[in-house]
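Worksheet for the structure shown next.
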Amino acid sequence: MKHSSEKWFAGNAHQPAVVRGATFLLFLLLSLAFLGEPATAQTGYTGIFGGGPFYKNATNNITEIENSGFTEAIVWSVEVSSTGDLNFNGEFPLTSGGVYVGNQYYPNFASDMATLKQGTVKRVTFSIGSSNFGDWQDITNLVNTQGTGPTSILYKDFQALKAAIPALDAIDFDDENSFNSPTTISFGVMLGQLGYHVMPDAFDQSSYWTNVVSQINSQLPGTVDGVHLQAYAGGSGNNPCVGWNFGTVPVFPGLWDQDDTPSQVQSIMTGWRNQCGIVGGFMWLYDDFVGNGLAAQYASAINNAVSSTGFTLSGPSNVFLNQSSTANASITIKPLNGFNGTVTLSLSTLPKGVRATIKGTGNKRTVVLTAGAAASTGFTTVTVTGTSGTIKETVAFSLAVSAGVGTTGTGTQVDLSSEFDVDGIYQDGTTYTTGGLDGQGYSYSANLLTASRVYNSTLLKFGAAGQPDAIGCSGQSVSLPQGQFSSLLLLGTAIEGNQASQTLTVTYTDGTNTKFVQSFSDWFTPQKFHGESEGVAMAYRNFDNGTKDQRTFNLYEYRLAVNKAKTVQSITLPNNAKVLVLAATLLP
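Under the numbering used here, the residues of the sequence shown are numbered 388 to 975, in order.
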C-alpha cells in the first residue's frame, strides 16, 4: 500500500486515504460511449470525488449520488503496483495479472456503478494516483519496459476493467510528483484506444499538463475532453480563468467542503462563470458528508452557478453505414432554463461519396446519411452543430463506412475453403469452445458481417459461420484461379496487436513472383496502414459464452497490384498466425 503515513500538509493536493483515516469513495464510472449509448453535448460536468463509501456498504450511498444532481462521479484512488496490478486505496483489488478480480471482494460493485447512471450521473471516472509517491512512477516504468500494446500489463488491466465494468467512462490522471511526459502521453493514447476518455487532475505544472493534453489529442483526437483543476489545498488560489488554457478542452475547477459551504461554492463558481465562462466544476470530498444531505446541496450550488439559458444536443456515439445504403442518426435538442428559441442544425464535412439530409422539426431531428457504391470507407468524426442566435452547441458521432451488403459484384472469387483452419465467425448468441478468431474466445458476428460484402462494386464471399472460415497464416501457398488480373483483394486482420511488415508473395505460372510487404491492423485498433482500408466496421464481436463485446471491431481490405501481363498461380501468405485472411477476389 502506497499511502504515506506522514501528516498531510497544504502543499499536497489529494491526500492519502490512510492520513485522512477514511476509505475513499470508490466511484466506478460506467460508460457505454463505445457501446452505442447516446453521447451528450456536455455543457460541462458537475463532479464529486470519493472513495470507500461507494464500495463499502454502498447501497444507500449509491442511491444518494444517483439522485444528487452530480453528473460525474470520480472514484479515488486507483493504486498501481510495480507489477501492474490495480487496487482501490490498498484495500480493494481490481486486477491481478491483467484479469479483473473485483468480484471476489465486492461482487455488487459493477452493478452499483451501472445503477449510478440511472439517475443524474452521466460519467463515471476512476482517478489514478494521489500526492503519494509510487503510482505514476510505476506506470512510467511499466510503459518503458513493456510499452502499451495488447500484450502489456497496463493494456490488459484497463481492457479487463472495461469488460467487467462497462459503465466506466474515463480515467482521471492525479499525478502530483512524477510528471513524465512521454510515458503519460503513451498511456493516455492507449486508454483512448480502449474507449476511455482521459481527464488530467492538475493543481500545478500548468505547462506540463497543457503539453500532455495537446499531445494526447493530436494522436487521438477527443481523448482528453476535460481537465479537473484543484483549487483547494495544494491548489488553493488556482483560478481556471488564469494560466490554465487548454484551448477547446474545458477546465472544471474543484473546491473542498472543509473550506467552503454550498453557498460559498455557488458564489465562487458564479464568479468564475462570469469571468471566463466555466461550464462545470467538482467537489472534494464525498467521504466528508455521506448521508447528511449536503451532496444534493453542493451539486445544486455548482449547477446553479454554471447554468445558463440555452440547449444541449444528444445523439448516438456511433453510426454504421454501408456503401449503397442509408443510416440514420437521431438528434435530440434539450432546452435549458426556459429556452424556447429555434435551433438550426448543420454538419461537418462528410467522407467522399456520403451525403446527408436533416429531417424533422422541433426537438427531435434525424440526420439521414446515404453512401454511394464507391463511398470512402473508414471512420470519420461527424460534428453536429446546433445554432440559435449567438448560442452554439455541438455533439459528435463516429461515422463508420463499410463495404456494402450484397451478393452480386465484379471479380473472380478465390475459393479459400480448403485452407480455412480457424473458426472466426459465429451467429449471435452461439456458444462454442473452438477459441474463436483469436484463440481467446472472440469471433466476428455473422449477423453483422453477412455472407458476402461488395467493396467498391467488388464481391467478396465469406466462409460459412460456425465452422472453419478463416485462414491463420503460416506461410502456406494458396492456389489462385489461373488468369491475367490487375489486382488481388483480400479481407483480413491482425490479432493480438498490429502486425507490421508482413510478406505476401504472388507467384505466376512462369515461375516468377511479386512480393508485397504489408502491415496489418489489429481488429480493434485500425492504424490506416499504407495499402489498408476499412472493409467492414462492426458494432461488436461475439464471445464464446454467447455474449457480445460491445465495442467496435474491424475487418480490413488490402489490394495487391499483380502483374497483369502474367498468369497468376498462387499466393504465399505471411508466416504469422496473428494475421488472418477471410476472403479474396481477383480483379481483371
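Note that the Cβ used here is the ideal one computed from N, Cα and C, for glycine as well. Computed from a predicted model, the values in this text were never measured in an experiment.
To the nearest angstrom, how far is the alpha carbon of residue i from that of residue j?
{"i": "Gly791", "j": "Ser763", "result": "11 Å"}
{"i": "Tyr583", "j": "Val488", "result": "20 Å"}
{"i": "Gly534", "j": "Lys965", "result": "19 Å"}
{"i": "Asn843", "j": "Asn476", "result": "54 Å"}
{"i": "Val955", "j": "Asn900", "result": "9 Å"}
{"i": "Lys721", "j": "Thr699", "result": "5 Å"}
{"i": "Val611", "j": "Leu967", "result": "33 Å"}
{"i": "Asn679", "j": "Leu616", "result": "26 Å"}
{"i": "Thr767", "j": "Gly613", "result": "22 Å"}
{"i": "Phe574", "j": "Ala551", "result": "20 Å"}
{"i": "Val693", "j": "Thr648", "result": "17 Å"}
{"i": "Leu969", "j": "Tyr829", "result": "15 Å"}
{"i": "Lys746", "j": "Ser701", "result": "16 Å"}
{"i": "Asp675", "j": "Asp644", "result": "8 Å"}
{"i": "Glu459", "j": "Ile689", "result": "12 Å"}
{"i": "Gln651", "j": "Asp591", "result": "23 Å"}
{"i": "Ser518", "j": "Asp562", "result": "7 Å"}
{"i": "Gln889", "j": "Ser873", "result": "21 Å"}
{"i": "Gly398", "j": "Asp472", "result": "At Gly398 the pLDDT is 36, less than 50, meaning the model places this residue with poor confidence; the figure from the coordinates comes in the next sentence. Answer to the nearest angstrom: the Cα atoms are 29 Å apart."}
{"i": "Ala783", "j": "Ala714", "result": "16 Å"}
{"i": "Glu453", "j": "Lys504", "result": "7 Å"}
{"i": "Ala926", "j": "Arg938", "result": "6 Å"}
{"i": "Asn598", "j": "Thr570", "result": "13 Å"}
{"i": "Asn447", "j": "Asp499", "result": "11 Å"}
{"i": "Gln710", "j": "Glu944", "result": "14 Å"}
{"i": "Leu723", "j": "Thr845", "result": "49 Å"}
{"i": "Gln1001", "j": "Ser906", "result": "In the structure displayed, the chain extends from 388 to 975; residue 1001 sits before or after that span and is not available."}
{"i": "Pro627", "j": "Gly506", "result": "28 Å"}
{"i": "Ala686", "j": "Tyr432", "result": "10 Å"}
{"i": "Ile435", "j": "Val865", "result": "59 Å"}
{"i": "Ser717", "j": "Thr777", "result": "24 Å"}
{"i": "Gln871", "j": "Pro975", "result": "7 Å"}
{"i": "Gln854", "j": "Arg840", "result": "19 Å"}
{"i": "Ile665", "j": "Gly641", "result": "11 Å"}
{"i": "Glu883", "j": "Gly536", "result": "9 Å"}
{"i": "Gly918", "j": "Gly621", "result": "51 Å"}
So if DSSP puts residue i in a beta bridge, which residue, or which two residues, is it bridged to?
{"i": "Asn705", "result": "Ser785"}
{"i": "Lys443", "result": "Per DSSP, none; premise fails for Lys443."}
{"i": "Pro480", "result": "Asn474"}
{"i": "Thr635", "result": "According to DSSP, Thr635 bridges with nothing at all."}
{"i": "Ile745", "result": "Val754"}
{"i": "Gly434", "result": "Glu459, Phe669"}
{"i": "Pro640", "result": "Leu616"}
{"i": "Asn941", "result": "Ala924"}
{"i": "Val488", "result": "Beta-bridge pairing links Val488 to no other residue."}
Tell me, to the nearest whole angstrom, how far the beta carbon of residue i is from that of residue j; I am working on the premise that it is less than 8 Å.
{"i": "Asn963", "j": "Thr880", "result": "That belief does not hold up - the Cβ atoms of Asn963 and Thr880 are roughly 12 Å apart, past 8 Å."}
{"i": "Gly875", "j": "Leu960", "result": "This sequence places Leu at residue 875; Gly is not what is there. Between Leu960 and Leu875 the Cβ distance is about 12 Å, and since that is not below 8 Å, they are no contact."}
{"i": "Thr502", "j": "Ile449", "result": "5 Å"}
{"i": "Pro637", "j": "Gly667", "result": "7 Å"}
{"i": "Trp463", "j": "Gly438", "result": "6 Å"}
{"i": "Asn559", "j": "Ile515", "result": "The sequence given here has Asp at residue 559, not Asn. That belief holds up - the Cβ atoms of Asp559 and Ile515 are roughly 7 Å apart, short of 8 Å."}
{"i": "Leu756", "j": "Val706", "result": "7 Å"}
{"i": "Val788", "j": "Gly859", "result": "The Cβ separation is near 28 Å, so there is no contact."}
{"i": "Ala758", "j": "Leu708", "result": "5 Å"}
{"i": "Leu824", "j": "Ala851", "result": "About 15 Å; that fails the 8 Å criterion."}
{"i": "Thr912", "j": "Gln580", "result": "5 Å"}
**Report entry** Segment contact flag, the region 764-773 with the region 728-747, C-beta cutoff 8 Å, min 3 pairs
**Finding:** Output reads yes: the region 728-747 touches the region 764-773.
Query raised in the report: Hey, is the region 893-901 in contact with the region 813-827, meaning 3+ C-beta pairs nearer than 8 Å?
Result: The region 893-901 makes no contact with the region 813-827; the number of CB pairs closer than 8 Å stays below 3.
Query raised in the report: Which whole runs of the beta strand (DSSP E) in the region 758-813 are 3 residues long or more, in chain order?
Result: At a cut-off of 3 residues, the continuous stretches assigned as beta strand (DSSP E) that sit fully inside the region 758-813 are 765-775, 778-789.
Query raised in the report: Where in the region 547-602 do unbroken runs of the alpha helix (DSSP H), each at least 4 residues long, occur, reported from the N-terminal end onward?
Result: List check, alpha helix (DSSP H) in window: 568-580.
Query - beta strand (DSSP E) segments (min. 3 residues) lying fully within the region 832-881 - result: You should have 839-842, 845-848, 864-866, 874-881.
Query raised in the report: Are the region 792-802 and the region 745-753 touching by the rule of at least three beta carbon pairs closer than 8 Å?
Result: These segments do not touch.
Query raised in the report: What are the uninterrupted segments assigned as beta strand (DSSP E) that are 3 or more residues long and contained completely in the region 870-936, given in chain order?
Result: Note on the region 870-936: whole beta strand (DSSP E) runs with a minimum of 3 residues are 874-881, 886-895, 900-907, 919-925, 928-930, in chain order.
Report task. May I have a chain-ordered list of the alpha helix (DSSP H) segments no shorter than 4 residues that lie completely inside the region 494-538? Result -> For the region 494-538, whole alpha helix (DSSP H) runs of length 4 or above, ordered along the chain, are 496-503, 522-533.
Requested in this report: Return the chain-ordered ranges of every beta strand (DSSP E) run that is complete within the region 647-727 and spans a minimum of 3 residues.
Outcome: Uninterrupted beta strand (DSSP E) stretches at least 3 residues long and entirely within the region 647-727 occur at 668-671, 697-702, 705-709, 712-723, given in chain order.
Query raised in the report: Okay, do the region 560-570 and the region 520-532 touch, 3+ Cβ pairs below 8 Å being the bar?
Result: Yes, the region 560-570 touches the region 520-532.
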